[in-house]
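Here is the structure we will look at.
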Amino acid sequence: MNKETSNIRVRFAPSPTGPLHIGGVRTALYNFLFARKHKGTFILRIEDTDQKRFVPGAEKYIFDALNWCGLTPDEGSSLGGEKGPYRQSERKEIYLSFAQQLLESGHAYYAFDTAEELDEMRKNMKASGVLAPTYNSISRSSMQNSLTLGLDETKKRIELGDPYVIRIKMPRNQEIKFNDKIRGWVSVNTNHIDDKVIYKSDGMPTYHLANVVDDYLMEITHVIRGEEWLPSAPLHVFLYECFGWSSKMPSFAHLPLILKPDGNGKLSKRDGDRLGFPVFPLNWSVSDTNEIFSGYKQQGFYPEAFVNMLAFLGWNPGSEQEIFSLTDLISAFSLDRVGKSGSKYDYEKTKWFNQQHLRLKSNSEIFEAITVLDNSILEKFSKEYILEVISLVKERATFDLDILKEGACFFSNEITFDTSAVTKKWNPDFIPHLNSLSEKLFAINKFDEKNIEKVFHDYLQEHNLGLGKIMPMLRIATTGRLAGPSMFSSLEIMGKEKMKTRIKDAVNKIKNG
Ligand code: GLU
Numbered sequence: 032m033n034k035e036t037s038n039i040r041v042r043f044a045p046s047p048t049g050p051l052h053i054g055g056v057r058t059a060l061y062n063f064l065f066a067r068k069h070k071g072t073f074i075l076r077i078e079d080t081d082q083k084r085f086v087p088g089a090e091k092y093i094f095d096a097l098n099w100c101g102l103t104p105d106e107g108s109s110l111g112g113e114k115g116p117y118r119q120s121e122r123k124e125i126y127l128s129f130a131q132q133l134l135e136s137g138h139a140y141y142a143f144d145t146a147e148e149l150d151e152m153r154k155n156m157k158a159s160g161v162l163a164p165t166y167n168s169i170s171r172s173s174m175q176n177s178l179t180l181g182l183d184e185t186k187k188r189i190e191l192g193d194p195y196v197i198r199i200k201m202p203r204n205q206e207i208k209f210n211d212k213i214r215g216w217v218s219v220n221t222n223h224i225d226d227k228v229i230y231k232s233d234g235m236p237t238y239h240l241a242n243v244v245d246d247y248l249m250e251i252t253h254v255i256r257g258e259e260w261l262p263s264a265p266l267h268v269f270l271y272e273c274f275g276w277s278s279k280m281p282s283f284a285h286l287p288l289i290l291k292p293d294g295n296g297k298l299s300k301r302d303g304d305r306l307g308f309p310v311f312p313l314n315w316s317v318s319d320t321n322e323i324f325s326g327y328k329q330q331g332f333y334p335e336a337f338v339n340m341l342a343f344l345g346w347n348p349g350s351e352q353e354i355f356s357l358t359d360l361i362s363a364f365s366l367d368r369v370g371k372s373g374s375k376y377d378y379e380k381t382k383w384f385n386q387q388h389l390r391l392k393s394n395s396e397i398f399e400a401i402t403v404l405d406n407s408i409l410e411k412f413s414k415e416y417i418l419e420v421i422s423l424v425k426e427r428a429t430f431d432l433d434i435l436k437e438g439a440c441f442f443s444n445e446i447t448f449d450t451s452a453v454t455k456k457w458n459p460d461f462i463p464h465l466n467s468l469s470e471k472l473f474a475i476n477k478f479d480e481k482n483i484e485k486v487f488h489d490y491l492q493e494h495n496l497g498l499g500k501i502m503p504m505l506r507i508a509t510t511g512r513l514a515g516p517s518m519f520s521s522l523e524i525m526g527k528e529k530m531k532t533r534i535k536d537a538v539n540k541i542k543n544g
């Protein structure tokens, strides 16, 4: 280990059951920030033990999404590392030996109950007044398991090929306590925890066993994950005790939920585009239905703006500063400043973050981006001219694409007139003024913003004209619209020839409908 690294090791452990959604990316981000801040290691582990929920393409999506956000792992599936493999399906044998260890130490047992028998048990318990029946320290005594059947019968059944699962044997009435970095002390009585299956009949471990074994073997120091896993944490703590690994147990930090904009429940994958904004970082296409769910990337968001927004969904820097680069986030981040309560997602705020990051970009960076979006402008205009348009319209843009939209009248020789603007503000009585103003402006030697403004105002004064009459017509004639950046700067960039032709064309075209 070189001296730039510490022994902090965190992991992001998604299941490849579909695209990563906002909540998952935020979990990855906090893990990444924590690792980078402490010069530790950020690991990507793919938790694919539930083969029924496996979705092809999901792992690649996860990897691509992390890369787009700049959260590239140090170790992980398809990256390798000393503690691999990092895909749980490739670690099958490892889990079996640990399940056996628990069987031998009496912390786990075989259970042969069929689905019908389990249903029957639940029905009977409900009938006797138990509200939430579970397989636990009481009900297990009347079920088909190695505790009730005895060693010989159990052996026989296994040899006969009877399907079985392995369950954890939760003790009665013990307190399990741990100190969560975000929630503080959490204490749960084992009477409220069921005898969870830790090893399934398909020869795969369940999430609980695999997760704990892997965190231990991969030497994870901090488990930073979503709040939905808080109820599982006591079982995980118990598993550490059973294995005799308590001194190596990682610290836990359970992150608050990301809520829907109205605060009504968790923002979920199923929200898709339903609420009018993407919940995924990248587009995701569902192969069977050809349905496409939109992603922030394809909607034109910058990864740094997306990540900045996500950082604030649950964390705050304790200052007024809101705009952070990823590097700034690394130095500012701490788990102490992660709140307990859920944060409402806000799409308008997300766009605001993008607008702010766009303003931080240099004109050349924006130039690169917009010429990728539309490279035809490169054939028609010089780089200098495009850069001037960028600086003119930058303040009015949220996305790169807005630069092209706002700058449309500069990037095309033909302009289209906004009909509602024409109806509202085009007054044929003022056309003679517009024409003579055009002459006056055209006569300016140094056609720059300052001189244009002066000639314009002098003209108004001389003819005793209000600004509200002639300015909108000048705007419509030269840009097609009523709204836009400074008129005088716009004319300067356009140049006087173009201005004159446009005014002439507008007068003709608008008159002729
Ligand atoms: N595989 C779990 C998930 O999909 C990981 C939970 C954890 O980080 O422990 O969220």
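Using my numbering, the first residue of the sequence shown is number 32, and each one after it goes up by one.
The C-beta atom is built at its ideal place from N, Cα and C for all residues, glycine as well.
Counting along the chain, Arg57 sits inside the alpha helix (DSSP H) bounded by residues Ile53 to Lys68. With the rule of 3 Cβ pairs closer than 8 Å, the segment 515-535 counts as touching the segment 481-488. About 17 Å separates the beta carbon of Ile289 from that of Leu360, a gap too long to meet the 8 Å contact definition. The alpha-carbon separation between Ser374 and Pro292 amounts to approximately 9 Å. Residue state for Lys297 is assigned as strand, using DSSP reduced to three classes. Here the alpha carbons of Val254 and Ser177 stand approximately 33 Å from one another. Distances from the alpha-carbon of Arg305 to those of Lys200, Asp150 and Ser325 put Ser325 closest.
Annotation: the continuous alpha helix (DSSP H) that includes Lys91 extends over Ala89 to Cys100. Bounds of any beta strand (DSSP E) do not take in Ile39, whose DSSP letter is neither H nor E.
Taking the Cα positions, Ser278 is about 16 Å away from Asp211. Going by beta carbons, Asp431 and Ile401 fall inside the 8 Å limit. Linking Arg533 to His464 through their CA atoms gives a straight-line distance of about 15 Å. Of the candidates Gly331, Arg512 and Asn167, the residue whose Cα lies closest to the Cα of Asp226 is Asn167.
For Ala284, the enclosing beta strand (DSSP E) covers residues Ser282 to Leu286. The beta carbons of Glu258 and Pro287 sit closer together than 8 Å. Here His494 carries a coil assignment [DSSP, helix/strand/coil].
Annotated three-state conformation of Phe209 is strand, per DSSP.
Shown here for Glu250: same chain residues with a beta carbon closer than 6 Å to its own, the five before and five after excluded, namely Arg40 in chain order. Sixteen is the threshold: since fewer than 16 other Cβ atoms of the shown chains lie within 10 Å of the Cβ of Asp367, the residue is exposed. For the beta strand (DSSP E) assignment, the uninterrupted runs of no fewer than 3 residues enclosed by the segment 122-191 are, from N- to C-terminal side, 139-142. Judged by the Cβ position, Glu78 qualifies as a neighbour of the ligand GLU at the 7 Å threshold, a heavy atom of the ligand being closer than this. For Gly107, the three-state secondary structure derived from DSSP is strand. Per DSSP, Ile397 lies in no beta strand (DSSP E); the unbroken alpha helix (DSSP H) holding it starts and ends at Asn394 to Leu404. Apart from the 5 residues on each side of it in sequence, Leu491 sits with its Cβ closer than 7 Å to the Cβ of Leu498 and Ile501 in its chain, given in chain order. At a Cβ-Cβ threshold of 8 Å, Arg84 and Thr48 count as neighbours. Residue state for Gly499 is assigned as helix, using DSSP reduced to three classes. Scanning Thr237, Glu113 and Leu110 for the CA closest to the CA of Gln82 turns up Thr237. Relative to Asp150, the option among Ser109, Ser108, Tyr140 and Ser170 whose CA is nearest is Ser170.
Residues of the same chain with a CB within less than 8 Å of the CB of Glu426, apart from the 5 flanking positions on each side, are Arg390 and Pro516 in chain order.
In the structure shown, Pro265 adopts helical secondary structure according to DSSP, grouped into three states. With a beta-carbon spacing of about 11 Å, Lys455 and Met504 fall beyond the 8 Å limit used to define contacts. Residue burial annotation: Trp315 is buried, with at least 16 other C-beta atoms found within 10 angstroms of its C-beta.
Apart from sequence neighbours up to five positions away, the residues of its chain that approach Pro348 with a beta-carbon distance below 6 Å are Ala363, ordered along the chain. Inter-residue distance for Tyr92 and Pro262 is about 28 Å (C-alpha atoms, whole angstroms). For Tyr117 and Gln131, the gap between their C-alpha atoms comes out near 22 Å. Secondary structure note for Thr72: its beta strand (DSSP E) is the uninterrupted segment Thr72 to Leu75.
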